[in-house]
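Here the sequence shown stands for residues 232 to 893, numbered as in my numbering. The structure appears below as structure tokens.
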Amino acid sequence: MWTSSTRPGPKPGLLFTSVVYVLFVLLILGKLRLLHGNLQLPYIDMGAMDFLIAAGCVLALSFWVFWLPFRARLWALALLDLLLTALIFADLVYFRYFGDFLTVPVLLQAGQVESLGGSIAELLRWRDLWLFADWPLMLTAALWGWSRRRKNAQVLSGTSTYSFGTGTPSSSRRSVRFLKRFAAGLLVLVIGFSAAFFPIRHASQTWAKNLLENNWWNMSMYNVTGLLGFHAIDAYRYAQIAIGKGQSLPEERLAEIRDWFEQHRAARTGPAELLGKYEGSNVVMVQGEAFMNFFVGKEINGQPITPNLDALMADSLYFDHFYHQTGQGRTSDADLAANFSLHPLPSGSVFIRYADNEFETLPSILKEQGYTANVFHAYDGSFWNRNRMYQEMGYDRFYTEKDYEIDEPLGWSLGDRSFLNQSVAFMENTPEPFYSFLITLSSHHPYNLTLSEQDKLPVGEFEGTTFGDYLQSVHYVDSALGDMVERLKSDGLWDNTIFVFYGDHDFSLDEREAVGKLLGREVSEFEYTQMMGQVPLLMHLPDGQLAGTYEQPGGQLDIMPTLLSLLGVDAGDYALMGSNLLNDAAQDRLVVLRTGAFTDGNIYYEPSADGVFENGICYDLATGQPTDVEQARTGYDEAVKRLAISDDVLAKDLIPTLELKP
Ligand code: GP9
Ligand code: MN
């Protein structure tokens with residue numbers, strides 16, 4: 232007969248586990264909500280769908296605990312709670328500093344985390360303790376479960392006063408119990424996976440198209456996937472790229488790539504008489520947001536739109552058939568083109584996808600020459616993964632919005648006038664020679680800046696339209712650039728500085744009619760395509776030499792070889808895809824765009840959407856009319872070759888392998 236002192240307690244089974252499990256899921260959801268509240272991300276809410284996805288992720292991560300024996304089950308839950316809490320906490324602290332989440336590459340190359348260094352203590356808040364408030368509870372549950380089970384085990388094995396009579400439970404009862412546990416775990420996995428996967432897939436097919444490839448900011452990924460989904464996708468992406476890199480190229484392909492770089496050595500080096508002509512000069516390079524070429528040197532209602540650039544042109548090199556070569560990585564692609572001389576990817580941004588490659592960049596090469604290299608952008612440092620990328624690129628310092636006094640709020644951030652002015656102030660205290668790369672922001676879409684009366688441009692019929700706003704914004708940027716040049720002159724830096732300005736990409740507007748009105752003539756569709764493709768490039772040399780308008784085509788990839796050679800570093804020795812812009816006009820002027828479009832200065836080839844060469848259009852640049860497509864055949868083959876080489880260099884991390892130095 233049973234007595235209360237000898238009877239084993241009710242066997243703690245599935246029901247008990249389920250209760251603790253639900254508690255565990257709720258606790259993790261609560262912590263994710265707590266983290267979200269701390270991030271204070273404008274426009275990003277944590278709604279019902281986000282909770283569903285988060286719960287799905289927790290389930291998919293922890294379903295296997297049901298397959299464990301009871302004692303291990305509670306311990307596993309406690310351990311999972313511990314690990315997930317640690318992850319959430321680490322993300323929270325990292326976010327407070329970098330405005331970003333931890334990723335696999337960041338964790339593997341701890342430099343960025345290390346740079347938190349002494350400031351970690353300042354990133355902690357007392358309220359963060361809430362994240363750990365459940366640990367005693369989970370630990371108690373695990374300990375209690377352990378002791379319960381031990382008691383039962385003792386009873387069952389006869390070390391207690393109770394004897395089971397017929398012995399241990401029959402093996403069939405054990406298998407039924409195991410099957411139940413197995414089914415429960417499987418069910419949790421299916422529910423969890425469905426709750427997370429289907430909403431994310433739906434988003435990536437609708438409002439967050441190509442989520443995996445086009446991700447420009449980890450926060451935008453987080454907005455769709457939540458924190459756990461973000462980490463899962465980040466790990467998947469890392470593995471995918473690592474596997475791709477691990478599969479080495481056949482020797483013949485590698486030889487083909489090396490040959491291409493060897494054959495183009497002279498095109499990169501440029502004219503011998505200019506090699507090293509400006510050795511030791513500073514370089515100040517400004518990349519202008521959405522700054523196109525069609526309005527440069529033009530007037531509206533009798534007023535010049537870009538009076539400062541117009542004035543600067545008098546003693547600068549102005550390239551007026553200069554193409555941006557960007558893809559989906561927009562601003563980051565222009566940065567890549569100018570500072571790495573590589574083509575962007577067919578999808579996504581190199582800054583996000585290949586940040587842990589080994590590169591030779593304009594800042595890293597100049598640093599080897601004794602330069603100080605700094606980069607300036609008054610915005611969130613995590614955008615386009617810049618915090619990480621700029622460290623990899625070898626910059627000494629990245630000045631982000633945190634380094635600026637926001638004394639002229641405008642558009643997305645600090646107005647360019649103050650941004651450029653404060654940046655020059657930083658440069659005045661930088662050891663020479665220096666390379667400074669600056670990225671402006673005021674002329675970013677949607678262009679509707681609240682400008683002071685003196686900064687306004689009377690845009691007449693375009694008043695109140697987006698096109699009018701755009702003209703206003705670039706006029707303001709021009710004026711900010713003018714002030715910057717004045718300051719560089721008055722502080723004595725100008726005469727020892729190569730000053731470069733170029734636009735990053737087009738303005739993402741379809742405004743053919745308005746552009747026609749501005750120019751006072753009809754603009755053909757082809758001409759408009761050209762305008763959308765072209766940005767200005769201005770280069771002022773310290774002695775004002777070589778000034779003039781250069782009509783031969785060029786592109787952003789050509790900036791780096793040109794600058795390196797002027798500074799006395801033979802660009803031929805590096806795996807750069809661009810050419811020297813100062814080559815004589817007949818030599819290798821092929822400018823290849825990511826779409827597969829290209830120009831050699833005589834023709835412009837526009838590929839067709841189906842990718843069939845013959846279906847593309849070849850324009851004669853002299854007439855602007857379509858001509859025999861066969862004229863584009865050789866250029867097309869070379870364009871395709873170049874894009875494939877650049878893609879391989881990135882996907883297989885080839886820069887350290889190529890070794891072009893004699
Ligand atoms: C923000 C800026 C965004 O840092 O780079 O520009 P975008 O890439 O959208 O043109
Ligand atoms: Mn941009």
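Here a beta-carbon is modelled for each residue, glycine too, at the ideal position from N, C-alpha and C. All figures in this text were calculated on a predicted structure; none of them were measured in a lab.
message = Quick check on L900: does DSSP put it in helix, strand or coil?
response = Residue coverage of the chain in this structure runs from 232 to 893, which leaves residue 900 outside it and unanswerable.
request  = Name the two residues that bound the continuous alpha helix (DSSP H) containing N618.
outcome  = For the purposes of this step, residue 618 is taken as residue 387 along the sequence shown, with counting starting at 1. That run of the alpha helix (DSSP H) goes 617-623.
message = If you reduce the DSSP assignment to three classes, tell me which class R743 lands in.
response = The residue you call residue 743 lines up with position 512 of the sequence shown. R743 falls in the helix class under three-state DSSP.
inquiry  = What does DSSP give as the partner residue(s) for Y630 in the beta ladder?
reply    = Start at 1 with the first residue of the sequence shown, and residue 630 comes out as number 399. Bridge partners of Y630: F607.
key: Beta-carbon gap between S755 and G330 smaller than 8 Å   = Counting from 1 along the sequence shown, the entry for residue 755 is found at position 524. Counting from 1 along the sequence shown, the entry for residue 330 is found at position 99. It is not a contact, given that the beta carbons lie outside the stated cut-off.
key: Distance, G827 Cα to K687 Cα   = For this step, residue 687 is matched to residue 456 along the sequence shown. For this step, residue 827 is matched to residue 596 along the sequence shown. Linking K687 to G827 through their CA atoms gives a straight-line distance of about 39 Å.
query = Is any heavy atom in the ligand MN found nearer than 7 Å to the beta carbon of D709?
reply = Taking the first residue of the sequence shown as position 1, residue 709 is located at position 478. Not under cutoff, so the answer is no.
ask   = Helix or strand or just coil, what does DSSP make of R584?
value = Within the sequence shown, the letter at position 353 stands for residue 584. Reduced to three states, the DSSP call for R584 is helix.
query = Cα-Cα, which of T500, L597, T562, F590 is closest to Y610?
reply = In the sequence shown, counting from the first residue as 1, residue 610 sits at position 379. Taking only the C-alpha atoms, the option nearest Y610 is T562.
query = Roughly how many whole angstroms lie between the Cα atoms of Q505 and E639?
reply = Within the sequence shown, the letter at position 274 stands for residue 505. Within the sequence shown, the letter at position 408 stands for residue 639. Note on residue identity: the sequence assigns Leu, not Gln, to residue 505. Rounded to the nearest angstrom, the two C-alpha atoms are 41 Å apart.
ask   = So E837 is in the beta strand (DSSP E); what residue range does that whole segment cover?
value = For the purposes of this step, residue 837 is identified with residue 606 of the sequence shown, where counting begins at 1. It spans 834-837 - the beta strand (DSSP E) in which E837 sits, taken as one unbroken run.
key: Simplified DSSP state of P367, which is helix, strand or coil   = Position 136 of the sequence shown, counted from the first residue, corresponds to residue 367. Correct three-state label for P367: helix.
task = Could you check how far apart the C-beta atoms of A309 and A373 are, in whole angstroms? I think they sit under 8 Å.
result = The residue given as residue 309 occupies position 78 in the sequence shown. The residue given as residue 373 occupies position 142 in the sequence shown. Contact holds; Cβ gap of about 4 Å.
request  = Check whether the Cβ atoms of S425 and G287 lie closer than 8 Å to each other.
outcome  = Against the sequence shown, residue 425 aligns to sequence position 194. Against the sequence shown, residue 287 aligns to sequence position 56. A contact, by the Cβ cut-off of 8 Å.
query = Using a threshold of 7 Å, is the CB atom of E837 nearer than that to any non-hydrogen atom of the ligand MN?
reply = Along the sequence shown, read from residue 1 onward, the residue named residue 837 stands at position 606. Not so, every heavy atom of the ligand MN lies at least 7 Å from the Cβ.
task = Provide the residue(s) that pair with Y549 in DSSP beta bridges, ordered along the chain.
result = Locating residue 549 in the sequence shown gives position 318, counting from the first residue. The partner list for Y549 (beta bridge, DSSP) reads L769, T780.
inquiry  = What residue range does the beta strand (DSSP E) around Y666 cover?
reply    = Your numbering for residue 666 matches position 435 in the sequence shown. Looking at the DSSP string, the run of the beta strand (DSSP E) that includes Y666 is 665-670.
message = Run through the DSSP bridge pairs and tell me what V843 is partnered with.
response = Here residue 843 is taken as the residue at index 612 of the sequence shown, counted from 1. Beta-bridge pairing links V843 to no other residue.
Cβ-based burial, S839 [other Cβ within 10 Å; buried from 16] = As a working mapping, residue 839 is identified with position 608 in the sequence shown. Counting Cβ neighbours within 10 Å, S839 comes out exposed, since fewer than 16 surround it.
task = Put T397 into one of helix, strand or coil per three-state DSSP.
result = As a first step, residue 397 is located in the sequence shown; it is residue number 166 there, counting from the start. With a pLDDT of 44 at T397, under the threshold of 50, the modelled position of that residue is not reliable, and the figure given next carries that caveat. Coil at T397, not helix or strand.
query = When burial is assigned at 16 or more other CB atoms within 10 Å of the CB, is G809 buried or exposed?
reply = The residue you call residue 809 lines up with position 578 of the sequence shown. Buried: at least 16 other Cβ atoms inside 10 Å.
ask   = What do you reckon, are the CB atoms on G416 and F297 nearer than 8 Å?
value = Numbered from 1 along the sequence shown, position 185 holds the residue referred to as residue 416. Numbered from 1 along the sequence shown, position 66 holds the residue referred to as residue 297. Contact flag set, yes.
task = Between the Cα of I848 and those of L315, Y836, G799, spot the shortest distance and give me the residue it belongs to.
result = The residue given as residue 848 occupies position 617 in the sequence shown. When only C-alpha atoms are compared, the closest one is Y836.
ask   = How about V766 and L669: do their beta carbons lie closer than 8 Å?
value = Along the sequence shown, one-based indexing puts residue 766 at 535. Along the sequence shown, one-based indexing puts residue 669 at 438. Not closer than 8 Å, so no.
Close Cβ partners of L266 (< 6 Å) along its chain, the five nearest in sequence each way excluded = Here residue 266 is taken as the residue at index 35 of the sequence shown, counted from 1. Once the five neighbours on either side are set aside, the close Cβ partners of L266 are I319, L323.
query = So is the beta-carbon of Y602 under 7 Å away from any non-hydrogen atom of the ligand GP9?
reply = Stepping through the sequence shown from its first residue, residue 602 is reached at position 371. Answer for Y602: no, Cβ out of range of the ligand GP9.
inquiry  = Quick check on DSSP: helix, strand or coil for V690?
reply    = Walking along the sequence shown from the start, residue 690 turns up at place 459. Reduced to three states, the DSSP call for V690 is coil.
inquiry  = Give the residues whose C-beta lies closer than 5 Å to at least one heavy atom of the ligand GP9, in chain order.
reply    = R561, T562, Y610, F614
Secondary structure of S644, DSSP reduced to three states = If you number the sequence shown from 1, residue 644 lands on position 413. For S644, the secondary structure class from DSSP, reduced to helix, strand or coil, is strand.
Inter-residue Cα distance where the pair is E623 and F590 = Within the sequence shown, the letter at position 392 stands for residue 623. Within the sequence shown, the letter at position 359 stands for residue 590. Near 8 Å, if we compare the C-alpha coordinates of F590 and E623.
For F526, the three-state DSSP class (helix, strand or coil) = Residue mapping note: residue 526 aligns to position 295 of the sequence shown, counting from 1. Reduced to three states, the DSSP call for F526 is coil.
inquiry  = With DSSP as the reference, identify every bridge partner of P535, one or two as the case may be.
reply    = Position 304 of the sequence shown holds residue 535. Per DSSP, E530.
query = Opposite V822 in the DSSP bridges: which residues?
reply = Taking the first residue of the sequence shown as 1, we reach residue 822 at position 591. Answer is T830.
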